[in-house]
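Student:
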Amino acid sequence: RLWDSLSKNVALLKCSLERIINNSTSTEPHHHSIITARLHTPVHLFTCLSVCVPVCLSGSREDGCCPLDWKLFGSSCYFFSASTLSWNKSRDWCESHQSHLIILTNDKEWDFVTHQTIPELFWVGLSDGRTGRWEWVNQNPYTIDRRRWVPGQPNSWTGHGLGPGDEDCAHLHRSGRLNDAHCSKPMRYICQKHSLRP
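Here the sequence shown is numbered in full-length UniProt numbering, starting from 1 and rising by one per residue.
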């Protein structure tokens, strides 16, 4: 009953907003862009509600809800970027969205993530730049698991031609295994955060 009421209100509001936008096309172009910009946030909010609320109310076995464009797995939300950034800028982008670069903790999560990423390259939250030892972005130490790395990696290669320093940041390779790369290299990235609980 709650969902029906919410769904009806969202549909009515979206219809009203679309009518306002369509009617504004007859006004001057700069007025149209102002109206559209002001309405973008409510439309995005209503779209997010229409996606999140049914998942929360459905009694799904998954644990919680995620923002629009994020994927739910277990009790976490994952954002697989379409754009590319350096490792540091990827970390900053994730933090600005109340999340962090992904920390891979178990085989099920690894399988879920690599199913989304193969055959692309994605930054993960693993680096040896701060201390010289591999650690996750939450500063938890990482013990090298050779089955998770491309053979012969990490190798801290310095012949990359990308400026000073070696390869201090880890990414998922096309094979779904880890590789180290120069942190300035632009790649797609994966952010992770806890899901919202109903």
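Quick reminder that beta carbons are idealized off the backbone N, C-alpha and C, glycines included.
Quantities reported herein were computed from a predicted structural model and do not represent experimental measurements.
Helix, strand or coil for SER127 per DSSP?
Tutor: strand
Student: Using only CA atoms, which one of GLY64, THR114 and PHE79 lies nearest to ARG177?
Tutor: Per the Cα distances, THR114.
Student: With DSSP as the reference, identify every bridge partner of ASP180, one or two as the case may be.
Tutor: Paired residue(s): ALA170.
Student: Count the other C-beta atoms from every protein chain shown that fall within 10 angstroms of the C-beta of ALA181, then say buried if there are 16 or more, exposed otherwise.
Tutor: Classification for ALA181: buried.
Student: Find the nearest neighbour of TRP93 within the set GLY152, MET187, ASP107 and ARG130, judged by alpha-carbon distance.
Tutor: MET187
Student: Among the residues of its own chain, which have a CB less than 8 Å from the CB of ASN138, if the five just before and after it don't count?
Tutor: Taken in chain order, the residues that qualify are HIS100, ILE103 and GLY125.
Student: Taking all protein chains shown into account, decide if ALA82 is buried (16 or more other Cβ within 10 angstroms of its Cβ) or exposed.
Tutor: exposed
Student: Look at ILE144 and TRP134 and say whether their C-beta atoms are less than 8 Å apart.
Tutor: Between ILE144 and TRP134, the C-beta gap is smaller than 8 Å, which places the two residues in contact.
Student: Quick check: LEU196 and GLY74, are their CB atoms within less than 8 Å of each other?
Tutor: no
Student: Would TRP110 pass as a contact of TYR189 if the rule is Cβ separation under 8 Å?
Tutor: No; because the gap between Cβ atoms is not below 8 Å, this pair is not in contact.
Student: How would you call ASN106, buried or exposed, if buried means at least 16 neighbouring beta carbons within 10 angstroms?
Tutor: exposed
Student: To which residues of the same chain is PHE80 closer than 6 Å at the C-beta, ignoring the five residues directly before and after it?
Tutor: So the qualifying residues of the chain are GLN116 and ILE190.
Student: Is the Cβ-Cβ distance between TYR78 and LYS71 less than 8 Å?
Tutor: yes
Student: Have a look at ALA170 and SER86 and give me their C-alpha separation to the nearest angstrom.
Tutor: 11 Å
Student: Please work out which residues of its chain come closer than 8 Å, Cβ to Cβ, to PRO141, disregarding the five sequence neighbours upstream and downstream, and give them in chain order.
Tutor: ARG133, TRP134 and GLU135
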